[in-house]
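Participant: Below is a structure I'd like to ask you about.
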Amino acid sequence: MIDTRLWGKSDGLAKPYPLIGHLVDSAMVCGAVWDGVLTAAQRRRVAEALDVELEQARRVVMFWAGLHDLGKIMPQFQDLAVRARPAHCGFLREAAYTHDRVNDSKVKKVRHEYATHRALPQLLAQLGYPASGGRIARLLLAQVAQMLGGHHGRYPEGIEPQDVRDPLIGLPELGAGAWAEQRREHVAALYEVLGRPAIPDRGALPTHVAVLIAGVVIVSDWIASQEHVIQRQQKSVDAHPEFRSSTALCAHARSAEQMAPALVEDAGLGRATFGGGAFRDMFPEITSPYPLQLSVEAGLAGVVNGPGILLVTAPTGDGKTETALYAASLMGAACGTAGLFFALPTQATANQMYGRLVRFAEKNLLESAQLTLLHGAADLYGPYTEPADEMTHGDVDPRVLSDHEAGGDQGRQISVEASRWLRKQGRGILAPLAVGTIDQALMGVLPLKRNALRHLGLSGKTVVVDEAHAYDAYTHALLLRLLEWLGAMGVPVVLLSATLTGQTARGMVRAYLSGAEADAGAREIPAPSYPGWLFASAHSDRVVEPAEPLRSERERDLAVDVRHVAHTYEPTVDGGRLATLLDVLDDVATGGGCAAVICTTVAEAQQTYDALRTHYRSRYGDGYLGWDDRSEEDRAWVDADAGPRLRLLHARFPAGRRAEITAEAERWFGRTDKPEVRRPTGSRGAVLVATQVIEQSLDLDFDVVVSDLAPMAMLLQRAGRVWRHAAPAPSRPDWSRGPRLVVLAPVGKDRRLSVPASWGDVYAPSLLHRTLELLERRNGASLAVPGDVQELVDAVYDPEFASAAPEELMERDLRRMADDMACHALAGMVALPPPRLIRSLHALTTSDADEELVRTRLGAESIQVLPVFENEAGLWLDGACGIRLPVSGRGPAGRFTTAEVRALLGYVAPLAHGPWRAECGPVNAPPASWRDEPRLARLVLLPHRPTGGGTAQGALLGATRITCDRALGLVVRREECHGTPSG
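Those letters in the sequence shown? Residues 95 to 1077, by the working numbering.
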């Protein structure tokens, strides 16, 4: 007989909640997750793996989900409530519950999920689960125990054979006597309540199925553990004095079953179903679809009947995004997925795509489905967070109780707003629709805690990876592993790229196919055409390509002007970088127009901007204000005599300031058919100095683009920002007669490539060398877009590359290949193995790293810093000392509200880790009261001292002076004299 005094939840409740109640609740919620969240394909995959009928598979998974907290029937856990509830826990002194603690571990307490893992195999064996027939790790009962033992995010190590016979031998802390009897009774009671689910007669499940079920268990537990759920179910317990009876437990189960679907819906979980139809039906605003879009529609319709991978390669502006959304809808419908994750390289591109996906979903969803934005600063993006602020109205989020252990009608209203439950860390990937940085998916192939949630979230969706060319060797290796996992899970994938080598493209397709079927990776995959597309089926040899060569709406001749420059900022040095840049920009200064100058590093961009500002001051007088966005006087000037408007944009501005500059750039250089765009016209031009941040994230159009030398693919990407908009086309100055890219190639006295030391290791010198030689061979001939693009991109990586300086190139190539090999090796060391090679789930969660700090891309760690300004009155957020640094918020107990945290983070900027970090002291620590705010606790304060005239002396940390300047952003300079950590 069940002992209902054994509690499952206690903290925060009026009285303890019986464990059997929580087990039943979790099982019933699991049934609702199975019905309302898992797709038909996922349910079928689980049933096939279990070798049972669908309905039986549902009940088997519900049974497992209910068993997750069985380990709470253990003396150490039940003792946790003794101090707070001595009367209730009096039963623990009864003779039946006597436990000799002499043999208990003196090192650490046994957590309840680990107890579940160790106790469960014997109990499942007693039910009839196979307990022999191979290595213990290959038994289903051992794998189920591992899945449930991982319901707090980390899978335990495998069990020993003796655990099936008697788990008390290895873990006496479980408790004998009544403890063991109650574990058996709870298992038997749940088994009966669920109608005696089938006993699968098979070994361990495929890894990709096991992690899916593990994710379902975690979600079911979270939903069932919400305080309001338990309080409501407690009434069911109270209504039955004999709650332990079969009748009462069945009534309790019916109560949980009735409310479970609404709980799942309230959490924001579910499926996203698009209306489908022809391309024009999904995008009625596109009256003349691009050839690429029509070709994919004609080629895939009626062909896709299961999982597969679609690769789309086309120039910027050929409609790849709409193509991907159409294809994702078609492919998802064909293989039974019911959701979408759109992965992009940067936070800025993800933010931009969020708005586009909202509009697409509102027009094409059959029913409401929630959409999340996933990246580290999503809560700073107003269009995503502001609706949530309005939604909360000061309410308290639903609390999950811990265990205090360490339909298509006309006029329908379609909502895509994410619930508060989904906005909590780690849950956003579970939303039916999500857009975010690629890191959010790549963390699913790193051994991180709770990665089962990412596996669950991705497995029911179609995944789109945009800018598939934009990643370094390390990230690319992780992306290949992710594609293997997606192939194994039957997830349809769409890859988009404007500049991808044929070899890289085929490698990505093969990775996906090898995950779907072990030998499929060896299939012959043709080189993709450019522009073009290729679809490869996961479970057949079918490969579909365009029926005829595609033409691009972006066909044009791009003038590429390569200038050899000495890397100096002295304006008088003939052939120097600054002198050459001034010469190129003279047309803008005298004849108007819009120009972009793209620099390799933030420091180079700052120095370039400062040099241009100094030059324009000397040319137009001290009254030159073109650089000052606050000047009302400057806004009124429209003729060339005022000097060009000048702005700087990079990633090292405080978030709020960067948003201001970005918005201004979009107003100046965006599409002229947008009402807010006011493109500079007339004789006064505009120059935007920037880093790579404008390559992908912003839809900007310039009359000329000037770029530091970069690898060929990146140069072509940047060229997509010159004469970008054709319909409608903006007015052009007389001097701009066609798209033109000017490349500043740094050379030494021998006129050969000389990579500046200030560039660091941003680009491999080998690729710069090859790119420069390829461009020089063209002798100034224009470049046909897209006709020449694929050939040039592939030529940079040609192993038979014929160089004018072969020995020098060989040395650089060897360094690049060694670096790439090291990156691939590192990725191989840290990434999860391919699913088919995993023998134990324990390998999936071995890392103790904090998810927020995990970097899936190599490079210096980014530190979030907060410049503050100090005077005799205290610390301030602004240089004018008008906004005081808040010590506490307006929330309960002085906590900061979400809006207050977001406002504070608007003053925060990222800064690469360096020697300065070790010099930080107490003055650089945030207020002690911020320690309970996760987004504020890790900030590093940089105290500045105002010096008058709108300037301030920055923080001196060792030999590094860090100054926040309104026009320049964070400026980092080395100083000869050393000082103490400063304010």
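Glycine residues also receive a C-beta, built at the ideal position from the N, C-alpha and C atoms.
In this text, all values refer to a predicted model and were calculated from it rather than measured experimentally.
Applying the 10 Å Cβ sphere with the 16-neighbour rule, what's the burial state of H570?
Facilitator: The residue in question, H570, is buried, as its Cβ has 16 or more Cβ neighbours within 10 Å.
Participant: Please name the residue, chosen from T466, S319 and Q519, that lies closest to A528 on a Cα-to-Cα basis.
Facilitator: It is T466 whose Cα lies nearest to the Cα of A528.
Participant: In this structure, does DSSP put Q519 in helix, strand or coil?
Facilitator: Coil.
Participant: Mind pulling the alpha helix (DSSP H) runs of 4 or more residues that sit fully within the segment 363 to 393?
Facilitator: Fully enclosed alpha helix (DSSP H) runs of 4 or longer: 373 to 376.
Participant: Buried or exposed for K414, going by 16 or more other Cβ atoms inside 10 Å?
Facilitator: Buried, by the Cβ-count rule.
Participant: My assumption, with CB atoms under 8 Å, is that A231 sits in contact with A225. Please give the rounded CB distance.
Facilitator: Wrong, their Cβ atoms sit about 13 Å apart, outside the cutoff.
Participant: In three-state terms, what does DSSP make of S712?
Facilitator: Three-state result, S712: helix.
Participant: Three or more beta-carbon pairs under 8 Å between the segment 962 to 979 and the segment 1003 to 1015, yes or no?
Facilitator: As far as the Cβ criterion goes, the segment 962 to 979 does not touch the segment 1003 to 1015, which means the pair count is below three.
Participant: Distance, Cα to Cα, S801 vs I532?
Facilitator: Going by the C-alpha atoms only, they are around 26 Å apart.
Participant: What separation, rounded to the nearest whole angstrom, lies between the Cα atoms of L235 and L144?
Facilitator: Cα to Cα, L235 sits roughly 12 Å from L144.
Participant: Can you check whether the CB of L847 is closer than 8 Å to the CB of L862?
Facilitator: Yes, these two residues count as a Cβ contact at 8 Å.
Participant: Return yes when the Cβ of A209 is within less than 8 Å of the Cβ of M168, no when it is not.
Facilitator: Yes, these two residues count as a Cβ contact at 8 Å.
Participant: By the 10 Å Cβ neighbour count, where 16 or more other Cβ atoms means buried, how is H658 classified, buried or exposed?
Facilitator: H658 is buried by the Cβ-count criterion.
Participant: Mind checking whether G750 and R139 have CB atoms under 8 Å apart?
Facilitator: The answer is no: Cβ separation not under 8 Å.
Participant: Checking the sheet assignment: what are the DSSP bridge partners for W970?
Facilitator: F963 and R978, per the DSSP bridge assignment.
Participant: Based on the DSSP output, what are the partners of F796 in its beta bridges?
Facilitator: Bridge partners of F796: V816.
Participant: Could you give the residue range of the beta strand (DSSP E) that holds R736?
Facilitator: In the sequence as presented, Arg is not what sits at residue 736; that position holds Ala. Premise fails: A736 is in no beta strand (DSSP E) and is neither H nor E.
Participant: Determine the DSSP secondary structure at D489, reduced to helix, strand or coil.
Facilitator: At D489, the pLDDT of 38 sits below 50, so the modelled position is not reliable and the matter cannot be decided from this model.
Participant: Hey, is H549's beta-carbon within less than 8 Å of any beta-carbon in chain C?
Facilitator: Protein chains in the displayed structure number just one, and chain C is not present.
Participant: Within 10 angstroms of its Cβ, does A463 collect 16 or more other Cβ (buried), or is it exposed?
Facilitator: Buried, because 16 or more other Cβ atoms sit within 10 Å of the Cβ of A463.
Participant: For A630, name the three-state secondary structure that DSSP assigns.
Facilitator: In the structure shown, A630 sits in a strand (DSSP, three-state: E or B).
Participant: Our contact map puts V962 next to P1037 with C-beta atoms below 8 Å; I'd like the distance itself, whole angstroms only.
Facilitator: Going by Cβ atoms, the distance from V962 to P1037 rounds to 6 Å, so yes, they are a contact pair.
Participant: Going by DSSP, what residue range makes up the beta strand (DSSP E) through V1065?
Facilitator: From DSSP, the beta strand (DSSP E) with V1065 extends over G1063 to R1068.
Participant: By the three-class DSSP mapping on this structure, what secondary structure does W731 have?
Facilitator: Note: W731 maps to coil in three-state DSSP.
Participant: Who are H245's beta bridge partners in DSSP?
Facilitator: According to DSSP, which records beta bridges pairwise, H245 is partnered with nothing at all.
Participant: Are the CB atoms of W128 and V238 nearer to each other than 8 Å?
Facilitator: Their beta carbons are not under 8 Å apart, which means W128 does not touch V238 by this criterion.
Participant: Looking only at C-alpha atoms, which of L132, R544, F454 and P439 sits nearest to G364?
Facilitator: Of the candidates L132, R544, F454 and P439, the one whose C-alpha sits nearest the C-alpha of G364 is L132.
Participant: At the level of alpha carbons, what is the spacing between A471 and P900?
Facilitator: Looking at the two C-alpha atoms, the distance is approximately 46 Å.
Participant: Between which two residues does the beta strand (DSSP E) containing C1058 stretch?
Facilitator: From DSSP, the beta strand (DSSP E) with C1058 extends over T1054 to D1059.
Participant: Could you check where the alpha helix (DSSP H) with Q786 kicks off and where it finishes?
Facilitator: Q786 -> no alpha helix (DSSP H), and no H or E assigned at all.
Participant: Answer yes or no: do S712 and A408 have a C-beta to C-beta separation smaller than 8 Å?
Facilitator: Not in contact: S712 and A408 (Cβ atoms no closer than 8 Å).
Participant: What distance in whole Å lies between the Cβ atoms of P850 and T766, which are believed to be in contact at a cut-off of 8 Å?
Facilitator: Their Cβ separation, rounded to whole angstroms, is 37 Å, which puts T766 and P850 out of contact at 8 Å.
Participant: I need the straight-line Cα distance from F747 to F368, nearest angstrom please.
Facilitator: Those two C-alpha atoms are separated by around 39 Å.
Participant: Taking C-alpha atoms, which residue in E664, L419, V732 and A705 lies nearest to P586?
Facilitator: Measuring from the Cα of P586, the nearest candidate turns out to be L419.
Participant: Along the chain, where does the beta strand (DSSP E) containing G402 start, and where does it finish?
Facilitator: Per DSSP, G402 belongs to the beta strand (DSSP E) from G402 to T407.
Participant: For the alpha helix (DSSP H) that contains D681, what are its first and last residues?
Facilitator: Element bounds for D681: R671 to G685.
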